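What follows is one structure encoded as structure tokens, with my remarks underneath.
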Amino acid sequence: MGKLDDYIPIVGQAVIDDLRLAAEKLKGKTIQHVNSTAVGGGVAEILNRMVPMLVELGIDTKWDVIHGGMEFFSVTKKFHNALHGKQEDITQHDFDIFMDATRANINNLETRGDIVFIHDPQPIGLISKKTDNKWVWRCHIDVSNPNLAVWRFLRDFIDKYDSVVFSAPSFSQKLPVRQFLIAPSIDPLSDKNKDLPQETINSVLNKYGIDNSKPIITQISRFDRLKDPVGVIDAFLMVKKHVDCQLILAGGTAVDDPESVEVFAEVKEKAKQDSDIHILLMAQNDIEVNALQRASTVIIQKSLKEGFGLTVSEALWKGKPVVASAVGGIPLQIAHKYSGLLVHSVEGAAFALKQLLNAPDYARKLGENGREHIRNNFLLTRHLRDYLLLFLSLYHPENVVFF
Amino acid sequence: MTEPFRFCTRLHLSELTGVRASTLSELLEAIRTVSGACIYHHTHRFLQQHQYLSPEPPNDFAYWVENVLGEARLGEKLASIDVIQYPSLRSLREKIIQVIEEYLQKNPSAARRFVDPGAEFHFIKSISFVFPTSYVANDLKELADILKKITIDSIYYHVFESRLRLEKGNNDLSLWIENAIGDKSLADRITRLDPYTFTLEDLRKRLVTLIERSKHT
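Written out as structure tokens, the structure reads:
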């Protein structure tokens, strides 16, 4: 795992100096992060990186995970979909299940620290343990058009926090508490993003029986309807009529996402239409994801909704041309026709993929621009700096804070 | 004994307001009522987020009006507001309001134009955190040497934020060079620069060159 100084060759000395300057003002504070899973999904991935760095900066930081059974996670998955605006039948029984699990976690999970940092809706009810310390709720979900029943239910909790954090401006709502814009990030030194030798990339392709003599289109995502894997196959089949290429759909499942098994089965069935479609159900293996992204000609992220879409940042950081839906935080990462192509439909995705496969110079330029944009705005060091400033803001309500 | 120049640096965090606009009228109404920290954010964001590119879209209002709402002529007028002429965020806000009001009077149909859901203008506040650094200059030579190596956030703070947001009337460098060093000529040359037309790295180079050419260095 990278130490702070290891990032200097990538982001420059000044960025690391600034982190130390801000962290100095938080000396003596303790921070507790709470979320619902230790592995799988973007939140766990970021916390795995962020917590050791906060500790290295001298800030006493802990990370705890709430508990919940399949029933609870089925309900929170429904909440998740409903907050994304998907039609879901939410009943009083669902709210009761949520509250039962919340009460159990309130009793069993010790909250401690000057700042308690709650991630996403699953642990949101812990706020009733708030004393005179500071509480932040970090929403990683696109709530620009939420199901109102679920949103109102959550508002009773949200309004008790000191501050709320969203990943994109369009997610913000009128709230009685301060709300901040902090985009997530990728770690350039992690197994998922570090440079890889060609032999490693080749061995991963061999393992999955992929021949790289044909252009490769890849979507890396959990098997989730909101990632629209079926739409990706439809777009690929349109492209395949004109360009001989292959498709990789690779991803895993997370313990808090029971729906993914069902979606995987559907995708597997649809993929039978073409032997150039490779469906890879992968256990958490960051080196393999990294290798597949680097082996790809074009990366696609055709999500219907997206909290942020870190797979886009990962692909751009590797200098890859990207076709992605203009949803959630993706337009923050891609300026259309400058650092990638934004699309709104299956047909649009197919057209953009054909353009990039047939114009490699243009595709390369988009990838280069994308890499610089990620370097300046979406690496872990910027995310860490924003969190330090967020923590400071809890003690300083003014618009210009002097130290 | 000359009062030394103490370098600070400034880091910023974006605070969301939940205020959004989908028409020109809504944009105008919000510009009238949001905090000065919003006006500052939307007229200065590009300077730091796209610091390596020049020329830059100078403000978010101009970009949205032209590229999202589709009012290119108003976008051009908003983009050409000469920010360096305005001594305070209050006066800059009044100028932006005046430009939009005049346009709406001449083009009443523009008030009926609206954007699709998802393409609204979202008002964001810029929250600044100002930290003292260990760098201190006692004379112009030391000032130039430090300017060569200090972060661009520090240069940004002393040139842009001090003058407009803290309403000091001038940038910190010119104020110190005139009052502590007594070199009014150099101070005036730095004051006359329009820093909005430089990338921050180019601005650093220009400042160093001007100071090193001064007879007091």
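Just so you know, the sequences run in chain order A and B. So in the numbering used here, the last one in the first sequence is 1553, and the numbering has no gaps at all. So in the numbering used here, the last one in the second sequence is 334, and the numbering has no gaps at all. We treat Cβ as the ideally placed atom computed from N, Cα and C, and that holds for glycine. Computed from a prediction, not measured in an experiment: that's the story for all the values here.
Please report the distance separating the alpha-carbon of residue i from that of residue j.
{"i": "B/L164", "j": "B/W181", "result": "16 angstroms"}
{"i": "A/I1166", "j": "A/L1154", "result": "7 angstroms"}
{"i": "B/K277", "j": "B/S208", "result": "Contrary to the premise, residue 277 of chain B reads as Phe rather than Lys in this sequence. Near 15 angstroms, if we compare the C-alpha coordinates of B/S208 and B/F277."}
{"i": "A/A1173", "j": "A/S1313", "result": "19 angstroms"}
{"i": "A/G1457", "j": "B/I156", "result": "27 angstroms"}
{"i": "A/H1217", "j": "A/A1251", "result": "8 angstroms"}
{"i": "A/M1249", "j": "A/G1275", "result": "8 angstroms"}
{"i": "A/H1486", "j": "B/L303", "result": "44 angstroms"}
{"i": "B/R149", "j": "A/N1362", "result": "58 angstroms"}
{"i": "B/F147", "j": "A/V1315", "result": "Rather than Phe, the amino acid found at residue 147 of chain B in this sequence is Ala. C-alpha separation (whole angstroms): 22 angstroms."}
{"i": "A/V1293", "j": "A/Q1451", "result": "19 angstroms"}
{"i": "A/L1534", "j": "A/K1422", "result": "44 angstroms"}
{"i": "B/L170", "j": "B/T316", "result": "The predicted model places B/L170 with a pLDDT of 49, which falls under 50 and marks its position as unreliable; any figure quoted below should be read in that light. B/L170 and B/T316: Cα-Cα distance of roughly 7 angstroms."}
{"i": "A/S1317", "j": "A/E1497", "result": "28 angstroms"}
{"i": "A/E1548", "j": "B/E295", "result": "31 angstroms"}
{"i": "A/F1267", "j": "A/W1287", "result": "6 angstroms"}
{"i": "B/T188", "j": "B/A227", "result": "The question names Thr, but residue 188 of chain B in the sequence shown is Glu. Straight-line Cα distance between these residues: approximately 8 angstroms."}
{"i": "B/I328", "j": "B/V151", "result": "39 angstroms"}
{"i": "A/R1328", "j": "B/T134", "result": "8 angstroms"}
{"i": "B/P172", "j": "A/V1493", "result": "Note that B/P172 scores a pLDDT of 47, beneath 50, so its modelled location is shaky; the value from the coordinates is reported in the next line. So the alpha carbons of these two residues sit roughly 28 angstroms apart."}
{"i": "A/W1301", "j": "B/H239", "result": "20 angstroms"}
{"i": "B/T314", "j": "B/S245", "result": "22 angstroms"}
{"i": "A/G1520", "j": "A/L1482", "result": "11 angstroms"}
{"i": "B/T250", "j": "B/R280", "result": "19 angstroms"}
Would you identify the three-state DSSP class for residue i, choosing helix, strand or coil?
{"i": "A/K1123", "result": "As shown, chain A starts at 1151 and ends at 1553. That puts residue 1123 of chain A outside it, with no answer to give."}
{"i": "A/I1256", "result": "helix"}
{"i": "A/A1172", "result": "helix"}
{"i": "A/H1269", "result": "strand"}
{"i": "B/E132", "result": "strand"}
{"i": "A/I1370", "result": "strand"}
{"i": "A/F1528", "result": "coil"}
{"i": "B/P172", "result": "Legend: pLDDT at B/P172 = 47, less than 50; position of this residue unreliable, value from coordinates given subsequently. If DSSP states are grouped into helix, strand and coil, B/P172 belongs with coil."}
{"i": "A/N1343", "result": "coil"}
{"i": "A/C1289", "result": "coil"}
{"i": "A/V1354", "result": "helix"}
{"i": "A/V1225", "result": "helix"}
{"i": "B/T126", "result": "strand"}
{"i": "A/R1262", "result": "coil"}
{"i": "A/L1544", "result": "coil"}
{"i": "B/I198", "result": "coil"}
{"i": "A/G1359", "result": "coil"}
{"i": "A/I1427", "result": "strand"}
{"i": "B/A154", "result": "helix"}
{"i": "A/V1184", "result": "strand"}
{"i": "B/T160", "result": "helix"}
{"i": "A/K1515", "result": "helix"}
{"i": "A/S1207", "result": "Inspection of the sequence shows that residue 1207 of chain A is occupied by Leu rather than by Ser. Of the three classes helix, strand and coil, the one that applies to A/L1207 here is coil, per DSSP."}
{"i": "B/F231", "result": "strand"}
Tell me the residue span of the beta strand (DSSP E) that contains residue i.
{"i": "B/T250", "result": "238-254"}
{"i": "A/D1210", "result": "1210-1215"}
{"i": "A/F1552", "result": "1550-1552"}
{"i": "B/K223", "result": "First-last for B/K223: 206-223, but that is the alpha helix (DSSP H), not the beta strand (DSSP E)."}
{"i": "B/R282", "result": "Looking at the DSSP string, B/R282 is not in any beta strand (DSSP E), and its letter there is neither H nor E."}
{"i": "A/V1315", "result": "1313-1316"}
{"i": "A/S1475", "result": "1472-1475"}
{"i": "A/L1491", "result": "1491-1493"}
{"i": "A/Q1323", "result": "Run containing A/Q1323: none; DSSP gives neither H nor E here."}
{"i": "B/L264", "result": "That residue, B/L264, is in no beta strand (DSSP E); its alpha helix (DSSP H) goes 257-266."}
{"i": "A/A1400", "result": "1396-1401"}
Identify the continuous alpha helix (DSSP H) that holds residue i and give its terminal residues.
{"i": "A/V1380", "result": "1379-1390"}
{"i": "B/F178", "result": "177-180"}
{"i": "A/L1554", "result": "Nothing about residue 1554 of chain A can be read from this structure; chain A reaches only from 1151 to 1553."}
{"i": "A/A1421", "result": "1410-1421"}
{"i": "B/A304", "result": "301-309"}
{"i": "A/Q1483", "result": "1480-1483"}
{"i": "A/R1328", "result": "Careful: A/R1328 lies outside any alpha helix (DSSP H), inside the beta strand (DSSP E) at 1328-1331."}
Give the interface partners of residue i over in chain E, defined as CB-CB distance under 9 angstroms, in chain order.
{"i": "A/A1172", "result": "No chain E appears in the structure shown, which is made up of the protein chains A and B."}
Quiz prompt | Residues within the stretch 232-250 of chain B neighbouring chain A, beta-carbon criterion of under 8 angstroms | solution = P234, G235, E237, H239, I241, K242, S243, I244, S245, F246, V247, F248, P249, T250
Practice problem: Closer than 9 angstroms, Cβ to Cβ, to anything on chain A: give me those residues from the stretch 147-166 of chain B, in chain order. | Solution: S152, G153, A154, Y157, Q166
Exercise. Give the residues from the stretch 131-144 of chain B that approach chain A closer than 9 angstroms (Cβ to any Cβ), ordered along the chain.
Key: Against chain A - using a Cβ distance shorter than 9 angstroms - the residues of the stretch 131-144 of chain B are S131, E132, L133, T134, G135, V136, R137.
Self-check item: Those runs of the beta strand (DSSP E) which lie wholly inside the stretch 1441-1466 of chain A and span at least 3 residues
Solution: 1448-1451
Quiz prompt | Contact list for the stretch 1522-1539 of chain A against chain B, Cβ threshold 7 angstroms | solution = N1527, R1535, D1536, L1539
Practice problem: Below 9 angstroms between beta carbons is the criterion; list the residues of the stretch 276-291 of chain B that meet it against any residue of chain A, in chain order. | Solution: E278, R282, L283
Quiz item: What are the residues of the stretch 295-321 of chain B that lie near chain A, defined by any Cβ-Cβ distance shorter than 8 angstroms?
Solution: none
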